[in-house]
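Protein chains in written order, with this note's numbering: chain A, 1101 to 1369; chain B, 261 to 492.
Using N, Cα and C, we set each Cβ at its ideal position, and we do this for glycine too.
Since we're looking at a predicted model, the values are computed, not measured.
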């Protein structure tokens, strides 16, 4: 692997995707014509429910761990919530392969920009970057490989947490309170809606998202609930002025425990 | 037809080397020091924006002296090399030695074939998981590479700075001690350097993730202050 060197006219600047294009590295789907009848796209591995909500000091972002291929569970421990950089996170729902590649590219793009330019993108810039990647992915989405991410971060220039929802065309929608994406998002959204306040504490916000994922798993077969037998719990991360931090598994397990016992009590009554 | 004057290859190389050395000597110097928990890079640089020390990858940093536009191009090429390699293979496969060799080839090629050699001297340094994994590759304008041990000095007054640093350096320095040794060596006996005149970066020995940190003025003062207290 040699040192990349470009004439000023061809220099890709701080864009990592542009660099890969110049070097001819990475996949090129421009000529791909996949007919939905050629391959059953429902058999492609799909990730399911992800949610995020604002709270007093920032944002909480969470996702279940199940990946499905049609009616089969293909992975029980897939992670759908990732740090994008130190102050932001991205969560994915949809076709798992392209979604994971998109996350990897997004992380690299932010890091590459930061190193080349000597300063990181603004939160808005990061959100737009993801929007552009989705737009680039549109031809694949039209073939059935839909990816719908969520983006959440702490805006250090403005001093509060912000949330962004997307659609398949790369449409970017900033939300003031909470967002949900994926097959179980309808159920999750309703639960969050009932308990959400932007003034929630961290613990309140985390509990709310856990409750939302629990109810999504309860009603949507593609969303994985807490699996205490195997010790698998949804992923939860908190982003504040101190940066991105994943919650420890024991804490998540404990919080799910209290949701479960509450649920059991209600069933008995 | 005009015949070009014959110039002996020795003379040609010497002229080019003199030219590059003169360019490098005009700029200020830079030192890198290994310490117990990482590698410290310290440059004399009054500019906040035109940086000499920067991050390449998780465990690799870059430092350059000489002509800014030239070493900055090399810095960006290095970041691109590392990021593409990490993307293609894995983050663990990005190693400083391959990068140093690439730099050496590029500088060597330009030195012999281009109209003018690059007036730069660069350092590729990496922090290991243990102390014995730390690496420093010093690459000169002609593409020659030296594997430095413990500390490295780049720039015009390298000889006198190296002498001073060799006297104060020992393998047990902590971050504060390393910074103090670096600053004293850069300043010499007649001058003192304030945090405003310095640019400091540290490759901290961590288990994972990006290890490079840039120190702000306040952090530099704190680190120097801690070291001074230790002495007293």
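Checklist entry - Would the beta-carbon of residue 1272/A fall within 7 Å of that of residue 1227/A? => result Numbered from 1 along the first chain, position 172 holds the residue referred to as residue 1272/A. Numbered from 1 along the first chain, position 127 holds the residue referred to as residue 1227/A. Result yes, Cβ atoms of residue 1272/A and residue 1227/A sit closer than 7 Å.
Item to check | CB-CB length for residue 301/B against residue 460/B, believed under 8 Å | outcome: Mapped onto the second chain, residue 301/B falls at position 41. Mapped onto the second chain, residue 460/B falls at position 200. That belief holds up - the Cβ atoms of residue 301/B and residue 460/B are roughly 7 Å apart, short of 8 Å.
Next on the checklist: Between residue 417/B and chain A, is any beta-carbon pair separated by less than 7 Å?
Outcome noted: Here residue 417/B corresponds to residue number 157 of the second chain, with the count starting at 1. Not a single C-beta of chain A is nearer than 7 Å to the C-beta of residue 417/B.
Checklist entry - What is the DSSP secondary structure of residue 1206/A, counted as helix, strand or coil? => result Along the first chain, read from residue 1 onward, the residue named residue 1206/A stands at position 106. Three-state result, residue 1206/A: helix.
Checklist entry - Counting only runs that start and end within the region 314 to 389 of chain B, where is the beta strand (DSSP E) found for 3 or more residues in a row? => result If only complete runs of 3 or more residues are kept, the region 314 to 389 of chain B shows the beta strand (DSSP E) at 320 to 326 and 380 to 386, in order along the chain.
Item to check | beta strand (DSSP E) segment containing residue 290/B, residue limits | outcome: Along the second chain, read from residue 1 onward, the residue named residue 290/B stands at position 30. Counting along the chain, the beta strand (DSSP E) containing residue 290/B begins and ends at 290 to 295.
Checklist entry - Between residue 1287/A and the rest of its own chain, which residues show a CB-CB distance below 7 Å, the 5 nearest in sequence each way excluded? => result Translated into the one-based positions of the first chain, residue 1287/A becomes position 187. Closer than 7 Å at Cβ, skipping near neighbours: 1315, 1316, 1319 and 1320.
Item to check | Interface residues of chain A facing residue 345/B [CB-CB closer than 9 Å] | outcome: Your numbering for residue 345/B matches position 85 in the second chain. 1101, listed in chain order.
Next on the checklist: My output table needs one value for residue 398/B: the three-state DSSP class, helix, strand or coil.
Outcome noted: The residue given as residue 398/B occupies position 138 in the second chain. In the structure shown, residue 398/B sits in a strand (DSSP, three-state: E or B).
Next on the checklist: Does residue 1183/A come out as helix, strand or coil in the three-state DSSP assignment?
Outcome noted: Working through the first chain from its first residue, we reach residue 1183/A at position 83. Residue 1183/A: strand per DSSP, three-state reduction.
Checklist entry - Does DSSP classify residue 1273/A as helix, strand or coil? => result Counting from 1 along the first chain, the entry for residue 1273/A is found at position 173. Residue 1273/A carries a strand assignment under DSSP once its states are collapsed to helix, strand and coil.
Checklist entry - Just reading off the beta strand (DSSP E) that residue 450/B is part of, what are its end residues? => result Against the second chain, residue 450/B aligns to sequence position 190. That residue, residue 450/B, is in no beta strand (DSSP E); it is neither H nor E in DSSP.
Checklist entry - In its own chain, which residues sit with a C-beta less than 7 Å from the C-beta of residue 1362/A, not counting the 5 before and 5 after it? => result Residue numbering aside, residue 1362/A sits at position 262 when the first chain is read from its first letter. In its own chain, leaving out the 5 sequence neighbours on each side, no residue places its CB closer than 7 Å to the CB of residue 1362/A.
Next on the checklist: Could you compute how far the alpha carbon of residue 376/B sits from the alpha carbon of residue 1149/A?
Outcome noted: On the second chain, residue 376/B is found 116 positions in, with the first residue counted as 1. On the first chain, residue 1149/A is found 49 positions in, with the first residue counted as 1. Cα-Cα distance, rounded: 59 Å.
Item to check | CB of residue 434/B within 7 Å of CB of residue 296/B, strictly | outcome: In the second chain, residue 434/B corresponds to position 174, counting from 1. In the second chain, residue 296/B corresponds to position 36, counting from 1. In this structure, the beta-carbon distance from residue 434/B to residue 296/B falls below 7 Å.
Checklist entry - Would a C-beta distance cut-off of 7 Å place residue 285/B and residue 416/B closer than the cut-off? => result Looking up residue 285/B in the second chain gives position 25. Looking up residue 416/B in the second chain gives position 156. For the pair residue 285/B and residue 416/B, the CB atoms are nearer than the 7 Å cut-off.
Checklist entry - So, is residue 1204/A buried or exposed, given that buried needs 16 or more other C-beta atoms within 10 angstroms? => result For the purposes of this step, residue 1204/A is taken as the residue at position 104 of the first chain. Residue environment for residue 1204/A: exposed (fewer than 16 other C-beta atoms within 10 angstroms of its C-beta).
Item to check | Rounded C-alpha distance that separates residue 1119/A from residue 333/B | outcome: The count along the first chain starts at 1 and reaches residue 1119/A at position 19. The count along the second chain starts at 1 and reaches residue 333/B at position 73. C-alpha separation (whole angstroms): 15 Å.
Item to check | Helix, strand or coil at residue 419/B according to DSSP, with G and I counted as helix | outcome: For the purposes of this step, residue 419/B is taken as the residue at position 159 of the second chain. DSSP places residue 419/B in helix when its eight states are reduced to three.
Checklist entry - Ordered along the chain, which non-local residues of its own chain (more than five positions away) have a Cβ less than 6 Å from that of residue 1322/A? => result Counting from one through the first chain, the residue named residue 1322/A turns up at place 222. Here the set comprises 1148, 1168 and 1283.
Item to check | Member of 1274/A, 1180/A and 1276/A whose CA lies at the smallest distance from the CA of residue 1202/A | outcome: Translated into the one-based positions of the first chain, residue 1202/A becomes position 102. Of the candidates 1274/A, 1180/A and 1276/A, the one whose C-alpha sits nearest the C-alpha of residue 1202/A is 1180/A.
Checklist entry - Closest to residue 407/B by CA distance: which of 268/B, 422/B, 427/B and 385/B is it? => result Reading the second chain from its first residue, position 147 is the one you call residue 407/B. Nearest of 268/B, 422/B, 427/B and 385/B to residue 407/B, Cα basis: 385/B.
Checklist entry - Any idea if residue 1329/A is buried or exposed, counting beta-carbon neighbours within 10 angstroms, 16 or more meaning buried? => result Against the first chain, residue 1329/A aligns to sequence position 229. Around the CB of residue 1329/A, fewer than 16 other CB atoms lie within 10 Å, so the residue is classed as exposed.
Checklist entry - If residue 1233/A and residue 1198/A are in contact, beta carbons under 8 Å, what's the gap, nearest whole angstrom? => result As a working mapping, residue 1233/A is identified with position 133 in the first chain. As a working mapping, residue 1198/A is identified with position 98 in the first chain. Between residue 1198/A and residue 1233/A the Cβ distance is about 10 Å, and since that is not below 8 Å, they are no contact.
Item to check | Chain-ordered residues of the region 1210 to 1223 of chain A with a beta carbon less than 8 Å from chain B | outcome: Residues of the region 1210 to 1223 of chain A with a C-beta atom less than 8 Å from some C-beta of chain B are 1211, 1212, 1215, 1216 and 1218, listed in chain order.
Next on the checklist: Quick check: the Cα distance between residue 290/B and residue 268/B, rounded to an integer number of angstroms?
Outcome noted: Reading the second chain from its first residue, position 30 is the one you call residue 290/B. Reading the second chain from its first residue, position 8 is the one you call residue 268/B. One C-alpha to the other measures close to 34 Å.
Item to check | Three-way DSSP call (helix, strand, coil) for residue 433/B in this model | outcome: Along the second chain, read from residue 1 onward, the residue named residue 433/B stands at position 173. Of the three classes helix, strand and coil, the one that applies to residue 433/B here is coil, per DSSP.
Checklist entry - Do you know offhand how far residue 1102/A's Cα is from residue 453/B's? => result Taking the first residue of the first chain as position 1, residue 1102/A is located at position 2. Taking the first residue of the second chain as position 1, residue 453/B is located at position 193. Distance between the alpha carbons of residue 1102/A and residue 453/B is about 39 Å.
Next on the checklist: Can you look up residue 444/B in the DSSP assignment and give me helix, strand or coil?
Outcome noted: For the purposes of this step, residue 444/B is taken as the residue at position 184 of the second chain. Helix.
Next on the checklist: On the CB-based measure, 16 or more other CB atoms within 10 Å of its CB, does residue 389/B come out buried or exposed?
Outcome noted: Position 129 of the second chain, counted from the first residue, corresponds to residue 389/B. With fewer than 16 other CB atoms across the displayed protein chains lying within 10 angstroms of its CB, residue 389/B is exposed.
Next on the checklist: Classify residue 1245/A: buried if its beta carbon has 16 or more other beta carbons within 10 angstroms, exposed otherwise.
Outcome noted: For the purposes of this step, residue 1245/A is identified with residue 145 of the first chain, where counting begins at 1. Burial is judged here by how many other beta carbons sit within 10 angstroms of a residue's own beta carbon; residue 1245/A has at least 16 and is buried.
Item to check | Contact set between residue 336/B and chain A, taken where Cβ atoms lie within less than 8 Å | outcome: Within the second chain, numbered from 1, the residue matching residue 336/B stands at position 76. Under the 8 Å cutoff, chain A gives 1216.
Item to check | Range of the contiguous beta strand (DSSP E) that encloses residue 299/B | outcome: The residue labelled residue 299/B in the question sits at position 39 within the second chain. Start and end: 298 to 304.
Checklist entry - How about residue 1200/A: is its C-beta nearer than 7 Å to some C-beta of chain B? => result Working through the first chain from its first residue, we reach residue 1200/A at position 100. Chain B contact via Cβ: absent.
Checklist entry - Do you know how far the Cα of residue 1311/A is from the Cα of residue 1375/A? => result This structure gives no information on residue 1375/A, because the portion of chain A shown stretches from 1101 to 1369.
Item to check | Short-range partners of chain B found in the region 1102 to 1123 of chain A, where Cβ spacing is below 8 Å | outcome: Listed by position along the chain: 1102, 1103, 1104, 1105, 1116, 1119, 1120 and 1123.
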